[in-house]
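Working notes, structure below.
2 protein chains.
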Amino acid sequence: MMEIYRSELSQKFVELFLEKMEFTEEEFSITLSYFKREYVPRKYFYLKAGQISRQRAYINKGSTRTFTSDEKGGEHILFFAFEDWWVGDLESYYNQQPASVNVQAMEDCELLVISKTDLENLWIQIPKLKKLFEQKEQRASFATMHRLQEVKSLSAEERYQNLLNKFPQIFQRIPLQYIAMYLDIEPQSLSRMRKRLSGK
Amino acid sequence: MMEIYRSELSQKFVELFLEKMEFTEEEFSITLSYFKREYVPRKYFYLKAGQISRQRAYINKGSTRTFTSDEKGGEHILFFAFEDWWVGDLESYYNQQPASVNVQAMEDCELLVISKTDLENLWIQIPKLKKLFEQKEQRASFATMHRLQEVKSLSAEERYQNLLNKFPQIFQRIPLQYIAMYLDIEPQSLSRMRKRLSGK
Numbered sequence: 001m002m003e004i005y006r007s008e009l010s011q012k013f014v015e016l017f018l019e020k021m022e023f024t025e026e027e028f029s030i031t032l033s034y035f036k037r038e039y040v041p042r043k044y045f046y047l048k049a050g051q052i053s054r055q056r057a058y059i060n061k062g063s064t065r066t067f068t069s070d071e072k073g074g075e076h077i078l079f080f081a082f083e084d085w086w087v088g089d090l091e092s093y094y095n096q097q098p099a100s101v102n103v104q105a106m107e108d109c110e111l112l113v114i115s116k117t118d119l120e121n122l123w124i125q126i127p128k129l130k131k132l133f134e135q136k137e138q139r140a141s142f143a144t145m146h147r148l149q150e151v152k153s154l155s156a157e158e159r160y161q162n163l164l165n166k167f168p169q170i171f172q173r174i175p176l177q178y179i180a181m182y183l184d185i186e187p188q189s190l191s192r193m194r195k196r197l198s199g200k
Numbered sequence: 001m002m003e004i005y006r007s008e009l010s011q012k013f014v015e016l017f018l019e020k021m022e023f024t025e026e027e028f029s030i031t032l033s034y035f036k037r038e039y040v041p042r043k044y045f046y047l048k049a050g051q052i053s054r055q056r057a058y059i060n061k062g063s064t065r066t067f068t069s070d071e072k073g074g075e076h077i078l079f080f081a082f083e084d085w086w087v088g089d090l091e092s093y094y095n096q097q098p099a100s101v102n103v104q105a106m107e108d109c110e111l112l113v114i115s116k117t118d119l120e121n122l123w124i125q126i127p128k129l130k131k132l133f134e135q136k137e138q139r140a141s142f143a144t145m146h147r148l149q150e151v152k153s154l155s156a157e158e159r160y161q162n163l164l165n166k167f168p169q170i171f172q173r174i175p176l177q178y179i180a181m182y183l184d185i186e187p188q189s190l191s192r193m194r195k196r197l198s199g200k
């Protein structure tokens, strides 16, 4: 198996373990030895609806969209994710049932992945690892709740502002038609809105 | 403080602890001694947006709606909840920040509540209690994800069918205009849809 070198890791990944979770160097080395690198080129899928999610994935580089498809082939974007986010389908992962969402690379992605079995073994060795994943899951849960509230209550313009606040560089990294899809508006409306609001 | 008698508890609450979580009778008695009863009459609020959620609440009897309000006074229903559900705003509870949602009684409610401080003390005594709340939170998180997917991808008719599958008695317990609000359709459209689909 190819080793992952420290120099190839994003600074945030190192900080997550060594600073936020206060791992020792040894605990971090052990943890890292369980992770594998997975490349997902742009437009390829990390996870397809119907598959079973058997690992956790950290975005070391790149971006993804998480979306569902309807019967008519329509696609509905639930989330974008960039560096330092974890992606996947947690219900599929925990219950080993088919995923209900797709995760597709929007740019060439370098993921750091750890299998369910490895993670379960590892957190027997390093119990505070469980805490880290619990925190990440709680964050993901709150983010899902925010997104639901926003989709139900906010106007397209308010949702646009939220997105820009969260990801100021999104227009440099994600094609406009996908951002429009996320906002549930037409690409032309998004172009007009963008022009109008940036002219303020 | 008024004691809660076993005979007043829903069977499901007793089963949750004694069967699903395999509590001993003693553990269950200790746990129960920390819970308080809280009555919330129909139309009253258990939680208002802006307040801080300082306790967990189990619906022993009754039903609630969880909703957000927009700037124009519009209300957006995220969830209904009936007996054997837990309600509140978890992000507010964990981060002790203002709640972003309202929880209002749709029928006279009898809740079994436990404060944050009591719960934290209690799960030092009974560690498996933590597991129970973790499971409930994970379920709530998955339910939020399902709701987001449904709101983004499904037609009003499909969302109506999902709701009926989940709560077959909903029309007997929740006024039609609230069900229409949950589905984001006009009450008249819901009446027509209901007639059409029940005539099949």
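Listed in order, the protein sequences are those of chains C and Z.
Just so you know, we're using my numbering here: the first sequence kicks off at 1 and counts up by one.
Just so you know, we're using my numbering here: the second sequence kicks off at 1 and counts up by one.
We put the beta carbon where it would ideally sit given N, CA and C, even for glycine.
It should be emphasised that the depicted structure is a prediction, and the values quoted were computed from it without experimental measurement.
N- and C-terminal bounds of the beta strand (DSSP E) containing residue i
| i | result |
| --- | --- |
| C:S69 | 64–69 |
| Z:A105 | 102–105 |
| C:E75 | 75–81 |
Unbroken alpha helix (DSSP H) run spanning residue i, endpoints
| i | result |
| --- | --- |
| Z:Q55 | No alpha helix (DSSP H) contains Z:Q55, which is instead part of the beta strand (DSSP E) from 55–61. |
| Z:S33 | 25–34 |
| Z:E150 | 128–153 |
| C:E120 | 116–125 |
| C:Y44 | Taken as a continuous stretch (DSSP letters only), C:Y44 belongs to no alpha helix (DSSP H), as it is neither H nor E. |
| Z:E157 | 156–166 |
| C:M193 | 187–198 |
| C:S92 | 90–95 |
| C:A180 | 176–183 |
| C:I170 | 170–173 |
| C:K12 | 11–15 |
Chain Z residues whose Cβ lies nearer than 9 Å to that of residue i
| i | result |
| --- | --- |
| C:E91 | Q138, S141, F142, M145, H146 |
7 Å Cβ cut-off: residues of chain Z touching residue i
| i | result |
| --- | --- |
| C:K215 | The structure shown has nothing for residue 215 of chain C, since chain C only spans 1 to 200. |
| C:Y178 | Chain Z residues near C:Y178: none, gap ~14 Å exceeds 7 Å. |
| C:L18 | Those do not exist, as C:L18 stays about 24 Å from chain Z at its closest Cβ, beyond 7 Å. |
| C:W119 | In the sequence under discussion, the amino acid at residue 119 of chain C is Leu, which differs from the Trp named in the question. Near C:L119 there are no residues of chain Z at all, since even the closest Cβ is about 16 Å away, more than 7 Å. |
Neighbour list for residue i in chain Z, Cβ cutoff strictly below 8 Å
| i | result |
| --- | --- |
| C:T68 | Q149, K152, S153 |
| C:Y94 | Q138 |
| C:L132 | None at all; the shortest Cβ gap to chain Z is about 15 Å. |
| C:L190 | None at all; the shortest Cβ gap to chain Z is about 17 Å. |
| C:L197 | The contacting residues do not exist; C:L197 stays about 18 Å from chain Z at best. |
Within chain C, the residues that residue i reaches when beta carbons sit closer than 7 Å
| i | result |
| --- | --- |
| Z:S100 | Q149 |
| Z:L129 | Here the premise fails: no neighbours, minimum Cβ distance about 16 Å. |
Where residue i meets chain C, residues with beta-carbon distance less than 9 Å
| i | result |
| --- | --- |
| Z:E160 | One point to set straight first is that residue 160 of chain Z is Tyr, not Glu, in the sequence displayed. Within 9 Å Cβ-Cβ: nothing; Z:Y160 doesn't reach chain C, min ~16 Å. |
| Z:R183 | Reading off the sequence shown, one finds Leu at residue 183 of chain Z, where the question assumed Arg. Result: empty, since nearest Cβ-Cβ is about 11 Å, beyond 9 Å. |
CB-CB length for residue i against residue j, believed under 8 Å
| i | j | result |
| --- | --- | --- |
| Z:Q96 | Z:F45 | About 19 Å separates the two Cβ atoms, so there is no contact after all. |
| Z:D89 | Z:A99 | 4 Å |
| C:I174 | C:M106 | 6 Å |
| Z:R147 | Z:L78 | 7 Å |
| C:F142 | Z:E91 | 5 Å |
| Z:C109 | Z:V40 | 4 Å |
| Z:L132 | Z:M21 | 5 Å |
| Z:S10 | Z:D84 | 7 Å |
| C:L190 | C:L176 | 6 Å |
| C:L47 | C:N102 | 6 Å |
Proximal residues of chain C, C-beta to C-beta of residue i below 8 Å
| i | result |
| --- | --- |
| Z:Q163 | In the sequence under discussion, the amino acid at residue 163 of chain Z is Leu, which differs from the Gln named in the question. Under the 8 Å cutoff, chain C gives no residues; its nearest Cβ is about 15 Å from Z:L163. |
Exercise for the section: Could you tell me whether the region 150–163 of chain C touches the region 172–187 of chain C, where touching means 3 or more Cβ pairs closer than 8 Å? Expected result: yes
Practice task
Specify whether the region 109–120 of chain Z and the region 55–69 of chain Z touch according to this definition: at least 3 beta carbon pairs, one from each stretch, less than 8 Å apart.
Solution key: yes
Practice task
Count the C-beta pairs between the region 19–34 of chain Z and the region 64–81 of chain Z that are closer than 8 Å, then say yes if the count reaches three, no if not.
Solution key: no
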